[in-house]
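With UniProt numbering, the residue at position 289 of the sequence shown is 332, and numbering never jumps.
Glycine included, every Cβ here is placed at the ideal spot set by N, Cα and C.
Just so you know, these numbers come straight off a predicted model, no measurement behind them.
Taking it in order: structure first as structure tokens, then the write-up.
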Amino acid sequence: QAATRVGAVAHDLVIVANRLPVDRVTEKNGRAAWRRSPGGLVSAIEPVMRAHDGVWIGWSGGNEARLKPFTVDGLHLVPMAMSETEISEHYEGFSNGTLWPLYHDLIAKPEFHREWWDTYVKVNRRFAEKAADLAADGATVWVHDYQLQLVPQMLRELRPDLRIGFYLHIPFPPTELFQQLPWRRQILEGLLGADLVGFQLPGAAQNFVRLVRQRVGHKTHRDLVYLPDGRTVRAAAFPISIDASGFEELARSEAVTARAAEIREALGNPRKIFLGIDRLDYTKGIYARLRAFGELVSEGALDVDDAVFVQVAVPSRERVEHYRNLRDDIDRLVGRLNGDLGRIGTPAISYMHTSYPREEMAALYRAADIMVVTPYRDGMNLVAKEYVACRIEDDGALVLSEFAGAAEELRQAWLVNPYDMNGMKAALLEAFQAQPKEVTRRMRAMRKQIAQHDVKAWADSFMTELELAEDVQHTKTLR
Ligand code: GDG
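Dropping the structure here:
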């Protein structure tokens, strides 16, 4: 193994994720360039990466066979090539057609195809080999998310000297659902290659430990799994968060403040603005929430002069069939609701199928009186947290699904069961009619929570626990 590392730069920290933290953009001169993605994950990991001479391995999002490492804003990036077949079978297939629905409570039916699985294994192996090549002796490798669950074990086989952490950004399903997966044992064993397996919520970590006990037969005690080879694996919750002060600063800026006023104006200065921002995904509950709002308007509980619903649906996984169908369904619903309920110049729903720069997102958060986040199942949901961070005047109501991970922290939101149409209508109306004092009381408490638990704290606690997890191994082997 050492031979493959000769000549290569070895790094003390390797991040392995499906995607690189950059987007392809076209510059003014027409040339293509890379720009850092605005996401919170990269800003959280960036300081750790700089401190440890880190490198990030991931797919660029395209199908170019470009293989040369490059640097953006001082971040060392190593692109992994994905062939058309791999994009369709690993990314769109096994990751988003099998695992995504299976891990989100079967809201859509997962498809099980053996050739998708074979490609999933193949791609995971390539990522593991690349990480093995780039990691220095005794380095730390942090693997991210459901697309790469086999990497920890594959990597440990290649490099037993490494300290390996894994973090799952989406829910980990109840044992009854996970059992459906024909490759359930391989996935569990893949994850057990890590020293520390992190989840959004304690319930997910418990699901994992229970499955390992039942299906793989390892001894477990609380959050620990004891492997026959003497290794110990810890499974624990690390609820992810956002760059709260960064969002707050953006929300306070003059440009965003002015843009928020402009948005309200453009919407005809309605008394209250409802807002939804989601990837166009069937887990997010967009359809049901718009229906709930539509019913309130058609029944006369809300008037289009008083209230407008702004829904931003960010294009996502457009080649996967479920996603194309969902888009058509929502297009039709919005058309029908606006046709039935809108008046000239005042539509009931202002619907955008697009993505926006971060500044525009912040302006929307500032312009909205009621943020509506109603997923059927969501690992965390950062949009809910971003809304809270942007409410610098301590106002604004959050209507939040009980089934978003964020609901465990944002207890003062108007919590709803997204399957309960009448319950959802009641919550929307209550949030609409709530007294300003009540809204402020709730928002203050939520803002405190987010300020104290930002994404920096999340990354630090994962890295700290990962170091401790390895110490456990060491004391064991020394003994
Ligand atoms: C997965 C899990 C978990 C959205 N539209 C635009 C835009 N965004 C940004 C938001 C937010 C992020 O994308 C979306 O994060 P969410 O958490 O809401 O949802 P998923 O994409 O499903 O994320 C989720 C998360 O991973 C992290 O672990 O919370 O449960 O499903 O940050 O602001 N950003 C920009 N323009 C847009 O149009 N710039």
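At a cut-off of 3 residues, the continuous stretches assigned as beta strand (DSSP E) that sit fully inside the segment 196-283 are 206-210, 239-242, 262-264, 267-269, 275-280. Residue burial annotation: Gln455 is buried, with at least 16 other C-beta atoms found within 10 angstroms of its C-beta.
The shortest CA-to-CA distance from Asp176 to any of Gly388, Ala449, His54 is the one to His54. Annotation: the continuous alpha helix (DSSP H) that includes Phe290 extends over 287-295. Under the criterion of beta carbons closer than 8 Å, Val59 and Leu191 qualify as touching, at roughly 6 Å. Pairwise C-beta distances place the segment 323-336 in contact with the segment 361-374, as three or more of them are shorter than 8 Å. Set against 7 Å, the gap from the CB of Asn61 to the closest heavy atom of the ligand GDG is not smaller. Note on geometry: alpha-carbon atoms of Glu107 and Arg379 lie some 41 Å from one another. Residues Glu402 of the same chain have their beta carbon placed closer than 7 Å to that of Ala298, with the five preceding and five following residues left out of the count. Around the CB of Ile230, 16 or more other CB atoms lie within 10 Å, so the residue is classed as buried. Beta-bridge pairing by DSSP links Phe317 to Phe352, Ile413. The Cβ atoms of Thr275 and Arg253 do not sit closer than 8 Å to each other. The DSSP-derived three-state label of Thr69 is strand. DSSP places Phe170 within a helical segment (H, G or I) once states are collapsed to three. Where Pro122 is concerned, the enclosing beta strand (DSSP E) starts and stops at 118-123.
Using a cutoff of 7 Å, the CB of Gly208 does not count as near the ligand GDG, since none of the ligand's heavy atoms is closer than that.
Burial state of Gly236 is buried, judged by a 10 Å Cβ sphere holding 16 or more other Cβ atoms.
For Thr183, the uninterrupted beta strand (DSSP E) segment begins and ends at 178-187. Here Val347 is buried: its Cβ has 16 or more other Cβ atoms, across all protein chains shown, within 10 Å. Apart from sequence neighbours up to five positions away, the residues of its chain that approach Cys433 with a beta-carbon distance below 6 Å are Phe290, Ala294, Ala405, Tyr408, Arg409, ordered along the chain. Closer than 7 Å to some heavy atom of the ligand GDG: that describes the Cβ of Ile320.
Between the segment 482-489 and the segment 422-437 there are three or more C-beta pairs closer than 8 Å, enough to call the two in contact. The alpha carbon of Ile213 has as its nearest neighbour, out of Phe505, Asn465, Leu244, the alpha carbon of Leu244. Here DSSP, grouped into helix, strand and coil, assigns Met423 to coil. In this structure, Arg67 has its beta carbon at no less than 7 Å from each heavy atom of the ligand GDG. Note: Met395 is bridge-paired with Val355 in the DSSP secondary-structure output.
Secondary structure of Asp503 (DSSP, three-state): helix.
Non-local C-beta neighbours of Gly117 in its own chain, meaning closer than 8 Å and more than five positions away in sequence, comprise Arg93, ordered along the chain. Judged by DSSP in its simplified three-state form, Phe446 adopts coil rather than helix or strand.
Straight through space, the alpha carbons of Val459 and Val340 are spaced by roughly 19 Å.
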